[in-house]
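Everything below concerns the one structure shown next.
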Amino acid sequence: MLALLAAASAEAAQVAPQGAARPAAQKPAGSGAAPAAASAFDSLAKRAQAAHAAKKLDEALDLYQKALKLRPGWADGRFALGTILYDLDRYAEARSEFRQVTVQQPKNGPAAAFLGMCEFQLKEHEQALAHLIQGRLLGLGGNATLKSVTDYHTGILLVRFGQYDSAREILSNFALVDQDSPGVIEGIGLAALRMPYLPSELPADKREMVTMAGRAMFQITRSRYSPTARLAFDELVTRFPEEPNTHYAKGVFLMTIEETPAAIACFRRVLAMQPNHVSAMLQIAFQLIKEGRYEEALPEAEKAVQVEPEFFATHNALGRVLLELGETDRAIASLEKAAQLAPNSVQTWFALTRAYQKAGRPDDVKKARETFVKLDADLRAEREKTRGVAVPPSSLEPPSPE
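If you count the sequence shown from 1, you need to add 239 to reach this note's numbering.
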């Protein structure tokens, strides 16, 4: 991949993140040596920043390294050194520098994001996703380009790890700024079709299908009632009628425009083709719960638990159905299992609060309600911090230095 955010990283390297304290100068042994060492450090630091601004990366690299030998705690300089190493495709070395910055400045969001990008390049995908998410939550210092690239890579890694709905929520935001680069379209398409690949890993024979799905989902975000979106999904299932997830994607689209019977028909068709498709079962179950058709929802939820016993959403669905059918003890057992599997699920704790109320367990009601209120507030704050796409870059392939 080409160099990441050269201009933005050069600027960020010279400005400490908001709220981050600059480390105090480290005094060499001997009081008389301190002024000379400080002067040498200041000279090297200024020359390094000037070379970096002029995009003389090799010269800046040497100068930053010399300055950091005199003052290892200079976090801003280490951050700048990391961006230069990244721009030179020396990802392992850059990763080491950003790791040290995150230790020195735990609330430095840009450093966490760059660390994640280094890990992405080194195919350390699990660590990369964790650090990219951390960077988004900490904030990226107003660096709009860094936000866009961080959001993109967070989204495609969520797809890679099967978190399709979260991925689609992030990646679909690019449609709001009309960013339809091939990487965005493929990422959205992979999420819609529930295919656990990065765009770079996409099999060639699936690329047309994924691109069509991505463009259809892109149209939904722009205008969910657009005739273009409907035509795109119709074309998708016509072109690939034997792929269960094309019908699933169309069903999700139909749910968004409130054509529920047609959507359920799509999910039923998915199950006819792939009987253990848990997501289709849950779509049906949750819609039946919404409509108060609990007896009909029960077999869907029970089958989902059988197929995916370690997926919190299956236990959430079953618990909610059982609660409405008056089987409170079984409902509590299912909902507690869901909370065990996904402790941060707001919906599960809300349902547990109701279940404990029905069971006459006031102490558990109080604890569950407190957990629900806290998680709900945290979720709202997280969405506020990370919502939207800051800038519509011409490409999500990072720009090379000029």
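Quick reminder that beta carbons are idealized off the backbone N, C-alpha and C, glycines included. The structure presented is a predicted model; accordingly, all values stated were derived computationally and were not measured.
For Ala502 versus Met494, is the C-beta spacing smaller than 8 Å?
Numbered from its first residue, the sequence shown carries residue 502 at position 263. Numbered from its first residue, the sequence shown carries residue 494 at position 255. Yes.
Give me the Cα-Cα distance between Leu379 and Gly321, rounded to the nearest whole angstrom.
On the sequence shown, residue 379 is found 140 positions in, with the first residue counted as 1. On the sequence shown, residue 321 is found 82 positions in, with the first residue counted as 1. Their backbone Cα atoms lie some 16 Å apart in a straight line.
Report yes if the C-beta distance between Ser690 and Thr460 is below 8 Å; otherwise report no.
Within the shown structure, residues of the chain are numbered from 240 to 641, placing residue 690 beyond reach of any answer.
With DSSP run on the structure shown, which of helix, strand or coil describes His516?
Looking up residue 516 in the sequence shown gives position 277. DSSP places His516 in coil when its eight states are reduced to three.
Is DSSP giving Gly380 helix, strand or coil here?
By 1-based counting over the sequence shown, the position of residue 380 is 141. Note: Gly380 maps to coil in three-state DSSP.
Quick one, which of Lys529, Lys542, Ala581 has its alpha-carbon nearest Arg559's?
On the sequence shown, residue 559 is found 320 positions in, with the first residue counted as 1. Looking at the Cα atoms, Lys529 is the closest of the given residues.
Counting only the same chain and skipping the five closest in sequence on each side, list residues whose C-beta sits under 6 Å from that of Leu580.
One-based indexing of the sequence shown puts residue 580 at position 341. For Leu580, where only same-chain residues beyond five positions count, the Cβ hits under 6 Å are Phe551.
Count the other CB atoms within 10 Å of the CB of Pro466; is the residue buried (16 or more) or exposed (fewer)?
What you label residue 466 is simply residue 227 of the sequence shown in a count that begins at 1. Classification for Pro466: exposed.
Using only CA atoms, which one of Ala556, Thr592, Leu475 lies nearest to Ala577?
Translated into the one-based positions of the sequence shown, residue 577 becomes position 338. If we check each option's Cα against that of Ala577, Ala556 comes out closest.
Specify the secondary structure class of Asn347 as computed by DSSP and reduced to three states.
As a working mapping, residue 347 is identified with position 108 in the sequence shown. Three-state result, Asn347: coil.
Closest to Arg407 by C-alpha separation, out of Leu561, His364, Glu365, Arg454, would be which residue?
Counting from 1 along the sequence shown, the entry for residue 407 is found at position 168. The shortest Cα separation from Arg407 among Leu561, His364, Glu365, Arg454 belongs to Arg454.
The alpha helix (DSSP H) that contains Pro538, what's its start and end?
Position 299 of the sequence shown holds residue 538. 533–546 is the span of the alpha helix (DSSP H), which, as asked, contains Pro538.
Ignoring anything shorter than 4 residues, give me the alpha helix (DSSP H) runs that lie fully in the region 453–489, in order along the chain.
You should have 466–478.
Quick one: Cα of Arg433 to Cα of Val476, how far?
What you label residue 433 is simply residue 194 of the sequence shown in a count that begins at 1. What you label residue 476 is simply residue 237 of the sequence shown in a count that begins at 1. Distance between the alpha carbons of Arg433 and Val476: 15 Å.
Tell me which same chain residues have a C-beta within less than 7 Å of the C-beta of Asn186, skipping the five on either side of it?
No information on residue 186 is available, as it lies outside the stretch 240 to 641 that the chain covers here.
For Leu371 and His392, which I take to be in contact (beta-carbon distance under 8 Å), what is that distance rounded to the nearest angstrom?
Position 132 of the sequence shown, counted from the start, is the residue given in the question as residue 371. Position 153 of the sequence shown, counted from the start, is the residue given in the question as residue 392. The Cβ separation is near 6 Å, so the contact holds.
Once the 5 residues before and after Leu527 are set aside, which same chain residues still bring their CB inside 6 Å of it?
Position 288 of the sequence shown, counted from the start, is the residue given in the question as residue 527. Only Glu535, Ala536 meet the Cβ criterion.
So Pro345 and Asn382 are in contact, right, with Cβ under 8 Å, and what is the actual spacing, rounded?
What you label residue 345 is simply residue 106 of the sequence shown in a count that begins at 1. What you label residue 382 is simply residue 143 of the sequence shown in a count that begins at 1. Actually they do not touch by this definition, with Cβ atoms about 19 Å apart.
Do Gly426 and Gly394 have their CB atoms nearer than 8 Å?
For the purposes of this step, residue 426 is identified with residue 187 of the sequence shown, where counting begins at 1. For the purposes of this step, residue 394 is identified with residue 155 of the sequence shown, where counting begins at 1. For Gly426 and Gly394, yes; Cβs fall inside 8 Å.
What three-state label does DSSP hand Ala299 in the structure shown?
The residue you call residue 299 lines up with position 60 of the sequence shown. Correct three-state label for Ala299: helix.
The alpha helix (DSSP H) with Trp313 in it runs from where to where?
As a first step, residue 313 is located in the sequence shown; it is residue number 74 there, counting from the start. Taken as a continuous stretch (DSSP letters only), Trp313 belongs to no alpha helix (DSSP H), as it is neither H nor E.
Could you name the residues of the same chain whose beta carbon sits closer than 6 Å to that of Phe589, not counting the 5 residues immediately before and after it, in chain order?
The count along the sequence shown starts at 1 and reaches residue 589 at position 350. Phe611, listed in sequence order.
Using a C-beta cutoff of 8 Å, does Lys624 count as contacting chain B?
Looking at the structure shown, chain B is missing, and only one protein chain is on hand.
According to the neighbour-count rule (16 or more other Cβ atoms, all chains shown, within 10 Å of its Cβ), is Pro483 buried or exposed?
Within the sequence shown, the letter at position 244 stands for residue 483. Label assigned to Pro483: buried.
Specify the secondary structure class of Arg569 as computed by DSSP and reduced to three states.
As a working mapping, residue 569 is identified with position 330 in the sequence shown. Helix at Arg569.
What do you reckon, are the CB atoms on Phe280 and Arg310 nearer than 8 Å?
What you label residue 280 is simply residue 41 of the sequence shown in a count that begins at 1. What you label residue 310 is simply residue 71 of the sequence shown in a count that begins at 1. It is a contact, given that the beta carbons lie within the stated cut-off.
For Ala263 and Ala287, I'd like the C-alpha separation in whole angstroms.
Here residue 263 is taken as the residue at index 24 of the sequence shown, counted from 1. Here residue 287 is taken as the residue at index 48 of the sequence shown, counted from 1. In this predicted model, Ala263 has a pLDDT of only 40, less than 50, meaning its place in the structure is not dependable; the value taken from the coordinates is given anyway. Taking the straight line from one Cα to the other gives about 19 Å.
Which first and last residues belong to the alpha helix (DSSP H) in which Pro601 is found?
The residue labelled residue 601 in the question sits at position 362 within the sequence shown. Where Pro601 is concerned, the enclosing alpha helix (DSSP H) stretches over 601–625.
Express the C-alpha separation of His364 and Asn515 in angstroms, rounding to a whole number.
For the purposes of this step, residue 515 is taken as the residue at position 276 of the sequence shown. For the purposes of this step, residue 364 is taken as the residue at position 125 of the sequence shown. Taking the straight line from one Cα to the other gives about 28 Å.
Give the straight-line distance between the Cα atoms of Val416 and Phe337, rounded to the nearest whole angstrom.
Position 177 of the sequence shown holds residue 416. Position 98 of the sequence shown holds residue 337. Straight-line Cα distance between these residues: approximately 30 Å.
With a Cβ-Cβ cutoff of 8 Å, do Ala352 and Leu396 count as a contact?
Here the question's residue 352 lines up with position 113 in the sequence shown. Here the question's residue 396 lines up with position 157 in the sequence shown. No. Outside cutoff.
Determine, using beta carbons only, whether Ala598 and Leu574 come nearer to each other than 8 Å.
The residue given as residue 598 occupies position 359 in the sequence shown. The residue given as residue 574 occupies position 335 in the sequence shown. No, these two residues do not count as a Cβ contact at 8 Å.
Using the C-alpha atoms, what's the distance from Lys386 back to Glu623?
Here residue 623 is taken as the residue at index 384 of the sequence shown, counted from 1. Here residue 386 is taken as the residue at index 147 of the sequence shown, counted from 1. If I take the Cα positions, the gap works out to 14 Å.
For Lys305, which three-state DSSP category applies?
Along the sequence shown, one-based indexing puts residue 305 at 66. Helix at Lys305.
Is the beta carbon of Ala284 closer than 8 Å to that of His291?
On the sequence shown, residue 291 is found 52 positions in, with the first residue counted as 1. On the sequence shown, residue 284 is found 45 positions in, with the first residue counted as 1. Cβ distance not < 8 Å, so His291 and Ala284 don't count as in contact.
Is Gln343 closer than 8 Å to Gly374 when the C-beta atoms are compared?
Position 135 of the sequence shown, counted from the start, is the residue given in the question as residue 374. Position 104 of the sequence shown, counted from the start, is the residue given in the question as residue 343. No, they are not a contact pair.
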